[in-house]
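Residue numbers (our numbering), protein chains in the order written: chain W, 130 to 480; chain A, 129 to 462.
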């Protein structure tokens, strides 16, 4: 027995140094499952805490119209985040979403300038988003480029095209009725944007958690080879996920352009980081395979509320970005820390 | 024959050829561009990109990525400028060392988060990117440090011309030489390639992948800090949005230079040529009469082309190994 004990006590210290390369994605996650399972709950608590803090901090916060206004600054990003969540779940990433928004917005400006009516303008935006997404999908699945570099390239390409066409100019003329998409209300204080977000969130949730497509996406994210051997068309699936993300970015572009009523090439600058943060904050593993739509939706609300609450308190935008960055790191560091602490405890208990 | 073919396939040769073609095209429209003095200016103008790309290259070699370099540069540069503006009588080496030291610390923070907690570097540096730039705002209160607030020495140093080139360019040359030697002939440099090429094999060879990664992040941070001073001094102004988005140019330079994003493949000369290629495009566009607004589009297209080439090169590399294994077996009696 004693020899076994020494072997056991030697074991962990040896395995701790054994080849567990850090950068090879750890798909295991079984030990994390308990933490991740309650991730949405944690986010909900955070949401309630921030909501309460906001309503104490500012007397103007708890007003239906104010809350309705608060949704505007995150719904566009959140719509893209819903689609991007699928891409990240499948083990890829798309950094070019903000570039797509800029290019789609530029296209809409040009179409509007040509005197087309509002529906055509909106369709142009969606079409450009779709095409950009298909191009990303082509690069990643057909040319088999690593998605992070490919979409860094297309991010520069798409936004660069917007800059090339527009330069330091701007499109400010949009047809009548185009303002509905970003400024309209479906019912009383319920905005068109927020309704679209809710519908898409439910749709994304059903697809991810209730259909085979959702299971396939997770399977591909966990282990693409195993998924391929199970008969899943990995490349085709990923291609369509990129297309969907492009389309979502196109939709976000329609809403943002409609809300602002103008297009500059710098539109939605830096959004890719905020959108990725939203997805990761929502508990989606950057290595793929793990994550849920309710988590992403809650993360969108938390980020939106933090930004809006700080805005009500006259905190400059850049300080908010510090908070966003810190949240992002804290959120991914927390499970790692918990894992570490529990590992240390397990070691202590063995002694 | 196969040697010539493999030589032609080498990224450095390809880049040199592409650069030569580009130069010929530019020369056909603006002959004045292709003079020794002007090409020296292009090199000087690209110096900061080269230095940053070498640090980034080290990080990418270890299968990581450092998105925070530009934010690090802004924070370190702002710190250097503010030290100089507040204490103009201090020798210029003090703000320089402060910038380098701060950059090193910021890089070490990235490295620690990646190494100790095993977090994905892309997410960590995405977070520190916003935090570092936010801290630059906190530090300066959003105010600019303008050239009249900086001491003459602080501004003059990178411009001082020695042997026909300003010190800024000599700094880049020094970094390039040190990097070539360091990456090739030191254990720490070899470890970058070993860890990126095969982390499991590296562990068996007694190399700690975490340490190599940490050192790469420290190097990237240190060089970003140095570039913080160089940038602020060269452009004679420091503000929060300094070099915003420059991290993508830096990564682009690495990718164009043949550094594989999957780690383990890349060379310092390749990185330098990649950076120079971007610098050439940037400097040539206005000369040949293309609106500089198209520059972003062109770099995007070049990045995509370069990654496509990289992906092909890595694939054919696998085939070559198979052929070499095949050759002796078919030649040997069965």
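Beta carbons are placed, not taken as given, at the ideal position from N, Cα and C, and that holds for glycine.
For residue i, the three-state DSSP class (helix, strand or coil)
i                      : result
residue 348 of chain A : helix
residue 416 of chain A : coil
residue 340 of chain A : helix
residue 163 of chain A : coil
residue 274 of chain A : strand
residue 172 of chain W : helix
residue 300 of chain W : strand
residue 293 of chain A : strand
residue 320 of chain W : strand
residue 471 of chain A : In the structure displayed, chain A extends from 129 to 462; residue 471 of chain A sits before or after that span and is not available.
residue 392 of chain W : strand
residue 365 of chain A : strand
residue 260 of chain A : helix
residue 195 of chain A : coil
residue 329 of chain W : helix
residue 217 of chain A : coil
residue 371 of chain W : helix
residue 196 of chain W : helix
residue 238 of chain A : helix
residue 204 of chain W : helix
residue 481 of chain W : Residue 481 of chain W is absent from the structure shown; chain W starts at 130 and stops at 480.
residue 155 of chain W : Low per-residue confidence applies at residue 155 of chain W: pLDDT is 49, beneath 50, and the placement is therefore not dependable enough to give any value.
residue 138 of chain W : With a pLDDT of 40 at residue 138 of chain W, under the threshold of 50, the modelled position of that residue is not reliable, and no figure is offered here.
residue 204 of chain A : helix
residue 357 of chain A : helix
residue 376 of chain W : helix
residue 180 of chain W : helix
Residue range of the alpha helix (DSSP H) that includes residue i
i                      : result
residue 314 of chain W : Not the alpha helix (DSSP H): residue 314 of chain W falls in the beta strand (DSSP E), residues 314-316.
residue 277 of chain W : 276-295
residue 319 of chain A : 315-325
residue 254 of chain W : 247-266
residue 280 of chain A : 280-284
residue 221 of chain W : Where residue 221 of chain W is concerned, there is no enclosing alpha helix (DSSP H), given that its DSSP letter is neither H nor E.
residue 270 of chain W : Per DSSP, residue 270 of chain W belongs to no alpha helix (DSSP H) and is neither H nor E.
residue 154 of chain A : 139-157
residue 243 of chain W : Premise fails: residue 243 of chain W is in no alpha helix (DSSP H) and is neither H nor E.
residue 340 of chain W : Note, residue 340 of chain W: premise wrong, no alpha helix (DSSP H); not H, not E.
residue 356 of chain W : 353-358
residue 422 of chain W : 422-441
Own chain residues within Cβ distance below 6 Å of residue i, not counting five before or after
i                      : result
residue 187 of chain W : 441
residue 485 of chain W : Only positions 130 to 480 of chain W appear in the structure, and residue 485 of chain W is not among them; the question remains open.
residue 319 of chain A : 335 and 340
residue 188 of chain A : 382 and 387
residue 463 of chain W : none
residue 198 of chain A : 371, 374 and 375
residue 330 of chain A : 322, 323 and 337
residue 439 of chain W : 449
residue 185 of chain A : 382, 387, 394 and 399
Neighbourhood of residue i by C-beta distance below 7 Å, restricted to the same chain and skipping five residues each side
i                      : result
residue 397 of chain W : 227, 230, 231 and 385
residue 426 of chain A : 409
residue 238 of chain W : 300 and 392
residue 324 of chain A : 189, 190, 191, 391 and 392
residue 323 of chain W : 200 and 204
residue 411 of chain A : 170 and 173
residue 333 of chain A : 322
Neighbourhood of residue i by C-beta distance below 8 Å, restricted to the same chain and skipping five residues each side
i                      : result
residue 140 of chain A : 386, 395, 397, 398 and 401
residue 232 of chain A : 346, 349, 350 and 353
residue 241 of chain W : 250, 300, 302, 303, 304 and 307
residue 119 of chain A : A query on residue 119 of chain A cannot be resolved here, the shown segment of chain A reaching from 129 to 462 and no further.
residue 158 of chain W : The pLDDT assigned to residue 158 of chain W is 49, lower than 50, so where the model puts this residue is not dependable, and the model offers no usable value.
Any non-hydrogen atom of the ligand NAD closer than 7 Å to residue i Cβ
i                      : result
residue 420 of chain A : For the structure depicted, the ligand NAD is absent and the ligand set is empty, with no information on it obtainable.
Open item on the list: Which residues of the segment 224-255 of chain A have a Cβ closer than 9 Å to any Cβ of chain W? Give them in chain order.
Closed with: Cβ contacts with chain W come from 241, 242, 243, 244, 245, 246, 247, 248, 249, 250, 251, 252, 254 and 255.
- [ ] With 7 Å as the C-beta to C-beta threshold (strictly closer), list the residues of the segment 194-205 of chain A near chain W in chain order.
- [x] For chain W, none of the residues of the segment 194-205 of chain A brings a beta carbon within less than 7 Å of one of its beta carbons.
Task: the segment 289-307 of chain W: positions lying closer than 7 Å to chain A by Cβ - done: For the segment 289-307 of chain W, residues whose beta-carbon sits nearer than 7 Å to a beta-carbon of chain A comprise 289, 290, 292, 293 and 296.
Task: Any beta strand (DSSP E) of 3 or more consecutive residues that is wholly inside the segment 381-407 of chain A - done: Fully enclosed beta strand (DSSP E) runs of 3 or longer: not present.
TODO: Pull out every residue of the segment 263-293 of chain W whose Cβ sits closer than 8 Å to any Cβ of chain A, in chain order.
DONE: Across the segment 263-293 of chain W, CB contacts with chain A closer than 8 Å involve 268, 272, 273, 274, 275, 277, 278, 279, 281, 282, 283, 284, 285, 286, 287, 288, 289, 290, 292 and 293, in sequence order along the chain.
Task: Contact set between the segment 429-452 of chain W and chain A, restricted to residues whose Cβ is under 9 Å from the partner - done: Under the 9 Å Cβ criterion, the segment 429-452 of chain W contributes 445, 447, 448, 449, 450, 451 and 452.
TODO: Select from the segment 409-423 of chain W all residues with a C-beta closer than 8 Å to any C-beta belonging to chain B, and list them in chain order.
DONE: The structure shown contains no chain B; the protein chains it does contain are W and A.
Task: Cβ-based contacts, 8 Å cut-off: residues of the segment 386-415 of chain A near chain W - done: Within the segment 386-415 of chain A, the qualifying residues are 389, 390 and 391.
TODO: Note down, in chain order, all residues in the segment 362-378 of chain A with a beta-carbon under 8 Å from any beta-carbon belonging to chain W.
DONE: Of all residues in the segment 362-378 of chain A, only 368 and 376 place a beta-carbon less than 8 Å from a beta-carbon of chain W.
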